[in-house]
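The block underneath contains the structure these notes are about, expressed in structure tokens.
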Amino acid sequence: MKLNTNYLGLDLKSPIVPSASPLSESIDSIRTMEDYGAGAVVLYSLFEEQIEAESHELNHYLTSGTDSFAESLDFFPDMESYITGPDAYLELIKRATETVYIPVIASLNGVTPGGWTSHATLMEQAGAAAIELNLYAIQGNLEVSASEIEAR
Ligand SMILES: Cc1cc2nc3c(=O)[nH]c(=O)nc-3n(C[C@H](O)[C@H](O)[C@H](O)COP(=O)(O)O)c2cc1C
């Protein structure tokens, strides 16, 4: 039976696309999904706030104690010397696209307006065939309309 279809401009051999979940955390598991007929796979989500939090947390531990001892103004090199951010995720995209024939779709959870765009660019460069963007914002103001929220 022919199950091939077109989705997001991508030619898929089947319309079955496992959605974002820990199933895509390993290359072996992504390959298994392909072997069992997945037409594409959506990777688990990279969370913008997670990247920010990790970066802030690392900065906190690296700078605590700074200026506390006259002979050593700080104990670690600047944040710029450290790699923080979505590197492991980008590596997964790269390795997955090298390993399987089906399109690999990245998933990004954005929080701040525009804050996700740099990560989206990196995902594209790493080989993502498409990007699923989840926008996350808890709306507590009853005066704000749904269309205003969507436009934002
Ligand atoms: C364990 C687990 C982890 C998930 N992780 C993500 C995720 O990282 N990003 C995301 O957008 N959705 C995530 N989802 C949601 C799924 O991608 C999917 O949208 C949801 O399970 C609904 O589909 P279903 O009715 O076929 O289960 C997760 C779901 C489960 C059960």
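Here numbering that gives the first Met the number 0 is used: the first residue of the sequence shown is 0, the next is one more, and so on. Think of the CB as a built atom: it goes at the ideal place given N, C-alpha and C, for glycine as much as any other residue.
Cα-Cα separation between E131 and A150, rounded to whole angstroms: 18 Å
Cβ neighbours of E147 in the same chain (closer than 8 Å, five flanking residues each side left out): none
Backbone secondary structure at I104 - three-state DSSP: strand
Neighbourhood of L11 by C-beta distance below 6 Å, restricted to the same chain and skipping five residues each side: T4, G38, A39
Ligand 1 heavy atom lying under 6 Å from the CB of Y88: no
Cβ pair E33, V99 closer than 7 Å: yes
Contact under 7 Å by Cβ, S23 with Y43: yes
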